[in-house]
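Working notes, structure below.
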Amino acid sequence: MKPLDGLLVLDFSQFLSGPSAALRLADLGARVIKIERPDGGDDCRNLYLSDCVLEDESTLFHAINRDKEGFTADLKNPAHRTEIEALIRRADILIANFRPGVMARLGLDYPAVKALNPQLIYGEITGYGNEGPWKNRPGQDLLLQALSGLTWLSGSSKDGPVAMGVPVADIFTGAQLVQGILAAVYGRGVTGEGAHVEISMLEAMLDFQFEPLTILLHEPSQKIERASVNGAHTLVAGAYGFYRTADGYIALSMGRVADLAQLLDCPALLPYSDPACAFSERDAIKQILADHMPTQTTAHWLSLLEPADIWCAEVLDWDQLMNHDGFNSLDILQQIPLEGGGKLTTSRCPIRIDESILWGNKPAPKLGQHRNAILQEIKNNGGGNE
Amino acid sequence: MLQPLKGVTVLEFSQYLAGPYAGLRLADLGARVIKIERPGSGDACRQLATKDIMVDGDSLLFHTINRNKESFCADLKNPDDLATVKKLIASADVMTHNFRPGVMEKIGLDYAQVQAINPQMIYGEVSGYGNSGPWVHKPGQDLLAQAVSGLGWLTGNQDQDPIPLGLAIADMLCGTHLAQGILAALVRRQKQACGAKVQVSLLESMIDFQFEGLTTYLNNGRQMPTRSELANAHAFLGAPYGIYKTQDDWIAISMGSLSQLALALECPALDVPNSQAFKQRDSLKEALAMQLQTNTTDYWLARMQAHDLWASELLDYDQLLTHPAFKAVSMSLQVTRKADGGNGAPVQVTTTRCPIRINGEASTSSKAAPSLGADTASILEALQ
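Protein chains in written order, with this note's numbering: chain A, 3 to 388; chain B, 8 to 391.
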């Protein structure tokens, strides 16, 4: 038994933000039906990451849409429309991520859907909200990073803007939407009322940056600046960062500069021992370490720092991570059988409930794969008037 | 239904960011969140000042993460205090902690012992790296979780060292996952009247964060991704995806047809089939970078818009915070508390609100983060 067993989700969304929210709901036990247009479906089916394809579809699509069923509908076709209305009547949750106005034109905005099913929780992602000068701009991850100030936080001040190399706006927005949806499902259990849950990628990115933004909102004279070398977090003092060693890289977290000076046998750090200067002298401290750390191996430095309870770690790449017992003991990979006999290896839901792992089991659907079965199910259950 | 979690009480034993960020969101969604803190010092985040900014004795960082919560002081090693905390546990719905493995067992507040007091408790637990394996006792800290997760090799260009993300991504996503698990367990409890143990770790959240790239790597014979030589923004995506310098500023270019792009940017070198976008990624990006430097951001944006290609200018914080688009989402929030433990003049903090809107409205509670122990007396009184 998974915690959301019995909930039905209709996922009208495309690409990553909305579908990643639906994936999480599926992992937590909900039944997710992906509603796609008959001509091609979710554009993500053809978005190939580094040209990697599994059974005719991008690995990206497989990763995001496992454990969902596939239903096709042309929302402008009246017969299909009747089918969708039947599904809406029995659904608990709907997810959409079209630009503002699109669902209204399709007659599927919240007021229209609420009329069909007042208890429905309607989860909606937009790029920039329903108002303002950006409302019609494409809500695409990199553009959100560019517009929200995020590109000036990673790397070092000499780097120019640095995009985060993971679609963080999509993933973070989707994860926030799940919170809003589940809170509303809980609230519905108390009041019996449905709800319209909205989040824009812009608001999600502002929340993601709430630490630096609060500094600027609270003290507008402040500046948020990256370190000049080995940048890691614009607000953290001292050594904090990744450093090259003789054979790899080491991460140094928060710790007293005086301790590092002694343990790493780095007297050049001693003038910076006063914790009061750890932020203002951050660049000098980092430069000294950037020069010093390549003189020894990562293992050597770890052997000096870890026994003294200095927070540090080896910087790994994926090959190293996959071969590490620390990774393997998480049991975080799963194999999902594909329709054509192959297998998809992917990571699982990161949440454990009652000490159990929430394993997936179904591959991403072929376009419209479950359409007939779902129509039959509606028919058997009274044509959607349930 | 502006406050769907109204009536839910959360006891927050968590410190720093991951657990308290989950608590913040639950508070935003209507829950009553009570921080259970050590007398004298409380959540260590109270003294963790970024840029040395303190407000009424607490770091601005603490204020950012803990607005709209209450504070109850208890020394969990003191039997009387522990007995009181157990009374709170008996009537609470959710508790969260992020102590290292073994600590709650020693105190006597591990899940089994809490279940004995309150079988319907949703018990949320944050760790760094799970509860087994060689990293169990490694400090669960954001930069270290980023370091071991491989994330550093996705950001920046090919000739650069690994680059961490410039925000506490592991803490924030892990806190979000914790809240997701807690909320799913609350939904189940409504139907089945059962409690739950919900566990998340920083490392598992970092694996999940990288799931699309990792899935590609795991299914293509484990070919390691390589960041592009220039304008890297996603190691698995082909040209033009990235940020480029223009004559006067920068421009972010997303996905799109290369032949359209060649037309829009007057750059014939880009006119190759889209199937070449990844194979010839670096040479295409090089040609694009050269061309974009010959004119201004506005010029290129207008041309790209005319061809319906996705691109945008880049804003820094100064530009963002004065932009009408920022004002349009009304994201700033003023919160207030009385200084000096409730006896002084009101102090205000301006921060950001919850990004989620319910029925068109965002929660705008003006309650600031609590002073240490601000609610101890009233909570004790209510227990009598």
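Even glycine gets a Cβ: it sits at the ideal position worked out from N, Cα and C.
Report the residue from B:I189, B:E132 and B:A332 whose alpha carbon sits nearest the alpha carbon of C201 (chain B).
If you compare the alpha carbons of B:I189, B:E132 and B:A332 with that of C201 (chain B), the shortest gap goes to B:I189.
Looking at the structure shown, is W136 (chain A) part of a helix, part of a strand, or coil, going by DSSP?
Coil, per DSSP.
For chain B, check one thing: does any of its Cβ atoms lie closer than 8 Å to the Cβ of R92 (chain A)?
The C-beta of R92 (chain A) comes no closer than 8 Å to any C-beta of chain B.
Taking DSSP as the reference, what is the three-state secondary structure of K292 (chain B)?
In the displayed model, K292 (chain B) falls within a helix according to three-state DSSP.
Minimum Cβ-Cβ distance from V11 (chain A) to chain B less than 8 Å
Cβ-Cβ to chain B under 8 Å: no for V11 (chain A).
Check whether the Cβ atoms of L2 (chain B) and V207 (chain B) sit closer than 8 Å, and answer yes or no.
In this structure chain B extends from 8 to 391, so residue 2 (chain B) is not present and cannot be described.
Under 9 Å by beta carbon: chain B residues contacting Q289 (chain A)
Within chain B, no residue comes near Q289 (chain A); the closest Cβ sits about 14 Å away, beyond 9 Å.
Using a Cβ distance threshold of 8 Å, determine whether the segment 241-251 of chain A contacts the segment 306-322 of chain A, with at least three qualifying pairs required.
They touch, by the three-pair rule.
Between L237 (chain A) and the rest of its own chain, which residues show a CB-CB distance below 8 Å, the 5 nearest in sequence each way excluded?
Closer than 8 Å at the Cβ level, and outside the excluded window around L237 (chain A), lie E213, P214, I217 and I226.
Among B:I170, B:V17 and B:F20, which residue has its Cα nearest to the Cα of L158 (chain B)?
Answer by Cα proximity: B:I170.
Is it the case that the Cβ atoms of R360 (chain B) and T371 (chain B) are separated by a distance below 8 Å?
In this structure, T371 (chain B) lies closer than 8 Å to R360 (chain B) by Cβ.
Is the beta carbon of M311 (chain B) sitting closer than 8 Å to the one on A269 (chain B)?
No. Outside cutoff.
Between the segment 77-94 of chain A and the segment 109-120 of chain A, are three or more C-beta pairs nearer than 8 Å?
These segments touch.
Please list, in chain order, the chain B residues whose beta carbon lies closer than 7 Å to that of T281 (chain A).
Looking at the sequence itself, residue 281 (chain A) is Phe, so the reference to Thr does not match. Under the 7 Å cutoff, chain B gives K58 and D59.
Apart from the five residues on each side of it in sequence, which residues of its chain come closer than 7 Å, Cβ to Cβ, to Q289 (chain A)?
Take Q289 (chain A), set aside five residues on each side of it, and the residues of its chain with a beta-carbon closer than 7 Å to its own are V231, in chain order.
Quick one: list the residues of chain A neighbouring Y394 (chain B), beta-carbon separation under 7 Å, in chain order.
No information on residue 394 (chain B) is available, as it lies outside the stretch 8 to 391 that chain B covers here.
Inter-residue Cα distance where the pair is Y251 (chain B) and I258 (chain B)
C-alpha separation (whole angstroms): 5 Å.
Who are the Cβ neighbours of V115 (chain A) in its own chain at under 7 Å, not counting the five residues just before and after it?
Cβ within range, chain order: I90, L96, L122 and Y124.
Hey, could you find the ends of the alpha helix (DSSP H) V336 (chain B) is sitting in?
Per DSSP, V336 (chain B) belongs to no alpha helix (DSSP H) and is neither H nor E.
Please classify G131 (chain B) as buried or exposed, where buried requires at least 16 other C-beta atoms within 10 Å of its C-beta.
For G131 (chain B), the number of other beta carbons within 10 angstroms of its own is at least 16, and it is reported as buried.
What would DSSP say about L55 (chain B), mapped onto helix, strand or coil?
The answer is coil: DSSP assigns L55 (chain B) none of H, G, I, E or B.
Here's the rule: buried if 16 or more other CB atoms are within 10 angstroms of the residue's CB, otherwise exposed. What is P401 (chain A)?
Limits of chain A in this structure are 3 at one end and 388 at the other, which puts residue 401 (chain A) out of reach.
Identify each residue in the segment 209-230 of chain B for which the Cβ-Cβ distance to at least one residue of chain A is less than 9 Å, and report them in chain order.
Within the segment 209-230 of chain B, the qualifying residues are L210, E211, S212, M213, I214, D215, F216, Q217, F218, E219, G220, L221, T222, T223, Y224, L225, N226, N227, R229 and Q230.
Looking at the unbroken beta strand (DSSP E) that takes in V205 (chain B), where does it start and where does it end?
Counting along the chain, the beta strand (DSSP E) containing V205 (chain B) begins and ends at A203 to S208.
For E320 (chain B), would you say it is in contact with chain A, using Cβ-to-Cβ distances shorter than 8 Å as the test?
Interface residue, yes.
Three-state secondary structure (DSSP) at G386 (chain A)?
With a pLDDT of 46 at G386 (chain A), under the threshold of 50, the modelled position of this residue cannot be trusted; read the value that follows with caution. Annotated three-state conformation of G386 (chain A) is coil, per DSSP.
In whole angstroms, what separates the C-alpha of Q378 (chain A) from that of A38 (chain B)?
Cα-Cα distance, rounded: 42 Å.
Note down the Cα distance separating I214 (chain B) from V143 (chain B), rounded to an integer number of angstroms.
Take the alpha-carbon of I214 (chain B) and the one of V143 (chain B): they are about 17 Å apart.
Quick check for students: name the residue ranges of the alpha helix (DSSP H) that lie wholly in the segment 181-228 of chain A, counting only runs of 4 or more.
If we require 4 residues or more, the alpha helix (DSSP H) runs fully inside the segment 181-228 of chain A come out as 203-210 and 212-220.
Does any residue of chain A have a CB that is nearer than 8 Å to the CB of R53 (chain B)?
False, the Cβ-Cβ gap to chain A never drops below 8 Å.
Looking only at its own chain, which residues have a Cβ that is under 6 Å from the Cβ of T348 (chain A), when we skip the five neighbours before and after it?
For T348 (chain A), same chain residues with a beta-carbon under 6 Å away, outside a window of 5 residues either side, are A65 in chain order.
Considering P353 (chain B), what are the terminal residues of the beta strand (DSSP E) in which it resides?
First-last of the beta strand (DSSP E) with P353 (chain B): P353 to T359.
Between A:R258, A:P269 and A:T300, which lies nearest to F244 (chain A) when the distance is taken from Cα to Cα?
Considering only alpha carbons, the answer is A:T300.
Of all the CB atoms in chain A, is at least one closer than 8 Å to the CB of G137 (chain B)?
Closer than 8 Å: yes.
Provide the residue(s) that pair with V62 (chain B) in DSSP beta bridges, ordered along the chain.
According to DSSP, V62 (chain B) bridges with B:D65.
Return yes when the Cβ of Q300 (chain B) is within less than 8 Å of the Cβ of Q254 (chain B), no when it is not.
Contact flag set, yes.
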